[in-house]
Amino acid sequence: MGTRARSGGGHSNGTDEHTMVQYLQEAMARVGLDWEHGPNVSAGPNSADSHYESTAASSRPIRNGDFVLIDIWAKLKDDPTAVWYDITWTGVVGREPTEREHLIFNTVRDARDASIKVVQDAFAANQPIAGWQADDASRNLIRKAGFGEWFTHRTGHNIGTVLHGNGANLDNLETHDERLILPNTCFSVEPGLYFPGRASDPNAFGIRSEVDMIARRGKAAVTGRIQTELVRI
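Those letters in the sequence shown? Residues 11 to 243, per the working numbering, in order.
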């Protein structure tokens, strides 16, 4: 994903959440990827539900002016050793982001980067770091920005040959995960802020920014591209 994408015309071409899910599934299948379910395409206030999944019956049209969240995960098909890749990007359709959308995205982005940095610093110094400490790096920044009550899930989860692996999670909310982040493990970093409301409310949206990291002895790094601003679709 980049900072600007071409739109198929929004609502005028009949675009909706479920249609986009099918489009992404077909694209992943063409390049030899597999997935458990999803991906997740959430438009407008549906993006404020961190567990939202569209169906053919409930799918919301995607219109010009909408805020859109896409959470996508996949791995190489027919390879039992393949590790999952799990990312979330956000953007707006046919317009520039509002001041509030900029504020929320920048807060989430900076929280994500705070967790990335604390993990990278720990591995570079060969210092132990537990999952709860990496979570706190994101959570404390969001709390200081005044949005703590809208960050309603852990910062990240372990990833392996199953999407939610058995290693340390970045979590000091759902659990206090004292397990250390170990070398040769992978995990997501995905803080988010969610503001529910009616479809007519322009402030009803949610932003999650998700990357994956792999930790090696002496070094931890993000795998893949990192979103730095909202996508214009």
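Heads up, the beta-carbon is just placed ideally off N, CA and C, and yes, glycines get one too. Please read all numbers here as calculations on a predicted model, not as lab measurements.
- Membership of residue 117 in the alpha helix (DSSP H) is indicated by the continuous run 109-134.
- Excluding residues up to 5 positions away in sequence, 164 lie with their Cβ nearer than 6 Å to the Cβ of residue 184 in the same chain.
- A contact is defined here as three or more CB-CB pairs under 8 Å, and the segment 143-154 meets this definition with respect to the segment 110-121.
- In this structure the segment 63-79 touches the segment 94-108; the number of beta carbon pairs closer than 8 Å is three or more.
- In the three-state DSSP reduction, residue 198 falls in the strand class (E or B).
- Comparing C-alpha distances from residue 54 to each of 204, 131 and 46 shows the shortest one belongs to 204.
- Of 36, 198 and 62, the smallest CA-CA separation from residue 216 is found for 62.
- Look at residue 55 here: in three-state DSSP terms it is helix.
- Here DSSP, grouped into helix, strand and coil, assigns residue 178 to coil.
- At a cut-off of 3 residues, the continuous stretches assigned as beta strand (DSSP E) that sit fully inside the segment 72-113 are 77-86 and 95-102.
- Only residues of its own chain outside the window of five on either side were considered, and among them 98, 200 and 202 have a CB closer than 6 Å to the CB of residue 218, listed in chain order.
- Per the Cβ contact rule, the segment 41-49 is not in contact with the segment 175-195 (fewer than 3 Cβ pairs under 8 Å).
- By the CB criterion at 8 Å, residue 93 and residue 177 fall outside the cutoff.
- Beta-bridge annotation (DSSP): residue 203 is paired with 217.
- Ranked by how close their Cα comes to the Cα of residue 26, the residues 38, 66 and 40 have 66 in first place.
- Closest in alpha carbon position to residue 156, among 209, 143 and 117, is 117.
- For the pair residue 84 and residue 30, the CB atoms are not nearer than the 8 Å cut-off.
- In summary, residue 210 is exposed, with fewer than 16 beta-carbon neighbours lying within 10 Å of its beta-carbon over all protein chains present.
- In the displayed model, residue 183 falls within coil according to three-state DSSP, outside both helix and strand.
- Proximity to residue 152 across 113, 229 and 236 peaks at 113, based on C-alpha coordinates.
- When rounded, the separation of the alpha-carbon atoms in residue 236 and residue 221 is 7 Å.
- The C-alpha of residue 231 is placed about 21 Å away from the C-alpha of residue 187.
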